[in-house]
Amino acid sequence: MRRQRRRKIIPLLQENWIRKEDLIYPLFVDENLEKCEPIKSMPGQFSYSVHEIAGKAEELALIGLKAVILFGIPKNKDNTGSSAYNEDGVIQKSIRLIKEKLPEMVIITDVCACEYTENGHCGITAGCHDSIDLDNDLSLPLMEKIALSHAKAGADIVAPSSMLDGVVMSIRKSLDLAGFQEVLILSYSSKFASALYGPFRDAAKSGFSFGDRTTYQMNPANAREALMESELDFKEGADILMVKPASFYLDILSSVKKIGIPVAAYQVSGEYSMIKAASMNGWINERAIVMESLISIKRAGADLILTYFAEEVLRWLDE
Ligand SMILES: [Zn+2]
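When we follow numbering that gives the first Met the number 0, the leftmost residue of the sequence shown carries the number 0, and every step to the right adds one.
Structure below.
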């Protein structure tokens, strides 16, 4: 085997590569901001104001980024998450501003209500006190409205992240009925109830006032459930499946890959912040560990990687 590891042979036989086209950068847009603000728990990451977002996207396009996923923080929250589907909402405005400058940029949108509801839950809740929980079927029309408003504003891919049963099918139907057959669905089909989301909640200001998300996100102990959920989403019409988080769930990634449709992996905020913290302390070499983490995610089967390291990686790939 060492013949294959001769120095000049190594690049010839490399099995996986990170390409610029593989990377999707998550952008936070906050309607309450006038100027971008650093996200404390994610050193190097920022929340942007609506009028800065197209400029930031342009900066990223210049170094070769092909796709962004947008997360919005609205000015107004209410019980029904109505600002999530307002045609002048934070995401809808941001999509139009980016599209105007960069028609070629692929815009993916997060379809969920947790940043738009007062209680921080992902949809409509029912019940009271201890039994309060997300109502699956009451929340589906809300997700349809959100996805449709994003498509109307120009989104290329909508990404339902609430893990509601039937959400992919109901969004597919309503997009098709409204003439948006060309809009893709990226389903958060394997979204685990992970402690790695902590820094994101800081960024998205989406802590909840009661309950938790364990009835709609998956138990980290479960692999078969992830495969069942992914197969269901595929049958409901998902174009791309997702595994989230990435690094602790590479086994899930490799089994979901076998379904045979494209798979995205989300290297989440906690994965980012752990690497950042160690490198800021001089304990690890950031560049080496980031590239190793991304190549491991690709090797496990990801076609696309959502990562907060995208901007740095794009620059490294040019060197
Ligand atoms: Zn949510």
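Even for Gly, the Cβ is constructed at its ideal location relative to N, Cα and C. Just so we're clear, the structure is a prediction, and the values are computed from it rather than from any experiment.
Which same chain residues, not among the five before or five after residue i, have their C-beta less than 8 Å away from its C-beta?
{"i": "serine 40", "result": "Gly197, Pro198, Asp201, Ala202, Ser268 and Ser272"}
Taking residue i and residue j to be in contact with their CB atoms under 8 Å, please state how far apart those CB atoms are, rounded to whole angstroms.
{"i": "alanine 299", "j": "serine 253", "result": "5 Å"}
{"i": "leucine 183", "j": "isoleucine 145", "result": "Not a contact, Cβ separation roughly 16 Å."}
{"i": "isoleucine 304", "j": "aspartate 21", "result": "6 Å"}
{"i": "aspartate 238", "j": "leucine 293", "result": "That pair is no contact at about 23 Å."}
{"i": "glutamate 58", "j": "leucine 101", "result": "So it is not a contact: roughly 11 Å between Cβ atoms."}
{"i": "alanine 150", "j": "leucine 176", "result": "So it is not a contact: roughly 11 Å between Cβ atoms."}
{"i": "alanine 53", "j": "glutamate 99", "result": "7 Å"}
{"i": "glycine 80", "j": "valine 28", "result": "Contact flag wrong, Cβ pair sits at about 17 Å."}
Starting from residue i and walking both ways along the beta strand (DSSP E), at which residues does that stretch end?
{"i": "tyrosine 47", "result": "45–47"}
{"i": "methionine 217", "result": "It is not in any beta strand (DSSP E) - methionine 217 carries neither H nor E in the DSSP assignment."}
{"i": "tyrosine 265", "result": "262–266"}
Would the C-beta of residue i count as close to ligand 1, meaning under 8 Å from any of its heavy atoms?
{"i": "serine 268", "result": "no"}
{"i": "cysteine 127", "result": "no"}
{"i": "serine 387", "result": "Nothing about residue 387 can be reported from this structure: the residues present for the chain run from 0 to 318 only."}
{"i": "glutamate 325", "result": "Limits of the chain in this structure are 0 at one end and 318 at the other, which puts residue 325 out of reach."}
{"i": "serine 40", "result": "no"}
{"i": "serine 138", "result": "no"}
{"i": "serine 161", "result": "yes"}
{"i": "cysteine 111", "result": "yes"}
{"i": "cysteine 35", "result": "no"}
I need the boundaries of the alpha helix (DSSP H) containing residue i, first residue and last residue.
{"i": "isoleucine 251", "result": "249–256"}
{"i": "aspartate 29", "result": "From DSSP, aspartate 29 is part of no alpha helix (DSSP H) but of the beta strand (DSSP E) over 22–29."}
{"i": "lysine 74", "result": "That residue, lysine 74, is in no alpha helix (DSSP H); it is neither H nor E in DSSP."}
{"i": "isoleucine 90", "result": "89–100"}
{"i": "aspartate 175", "result": "166–176"}
{"i": "proline 322", "result": "The question about residue 322 has no answer, for the chain in this structure spans 0 to 318."}
{"i": "leucine 137", "result": "135–152"}
Can residue i and residue j be called in contact, C-beta distance under 9 Å?
{"i": "leucine 69", "j": "isoleucine 38", "result": "no"}
{"i": "glutamine 216", "j": "phenylalanine 191", "result": "yes"}
{"i": "isoleucine 97", "j": "valine 67", "result": "yes"}
{"i": "glycine 153", "j": "isoleucine 107", "result": "no"}
{"i": "glutamate 36", "j": "valine 49", "result": "no"}
{"i": "lysine 257", "j": "tyrosine 187", "result": "no"}
{"i": "cysteine 121", "j": "arginine 4", "result": "no"}
{"i": "glycine 165", "j": "glutamate 235", "result": "yes"}
{"i": "tyrosine 115", "j": "proline 159", "result": "no"}
{"i": "lysine 297", "j": "asparagine 75", "result": "no"}
{"i": "leucine 316", "j": "isoleucine 9", "result": "no"}
{"i": "alanine 112", "j": "serine 161", "result": "yes"}
{"i": "aspartate 302", "j": "alanine 245", "result": "no"}
{"i": "asparagine 221", "j": "serine 148", "result": "no"}
{"i": "leucine 313", "j": "lysine 19", "result": "yes"}
{"i": "alanine 225", "j": "isoleucine 251", "result": "yes"}
So, at 6 Å on beta carbons, what are the nonlocal neighbours of residue i in its own chain, with the 5 sequence-adjacent residues on each side left out?
{"i": "serine 278", "result": "Glu285"}
{"i": "asparagine 135", "result": "Leu163 and Asp164"}
{"i": "leucine 306", "result": "Sequence inspection shows threonine at residue 306; the leucine mentioned does not correspond to that position. Contacts found: Gln266."}
Please list, in chain order, all residues of the same chain as residue i whose beta carbon is under 7 Å from its beta carbon, the five residues on each side excluded.
{"i": "serine 229", "result": "Ser188, Ser189, Leu240, Val255 and Ile258"}
{"i": "threonine 124", "result": "Asn118, Ile131, Asp132, Leu133 and Asp134"}
Less than 8 Å between the CB of residue i and some heavy atom of ligand 2, yes or no?
{"i": "alanine 83", "result": "This structure simply doesn't include ligand 2; it includes ligand 1 instead."}
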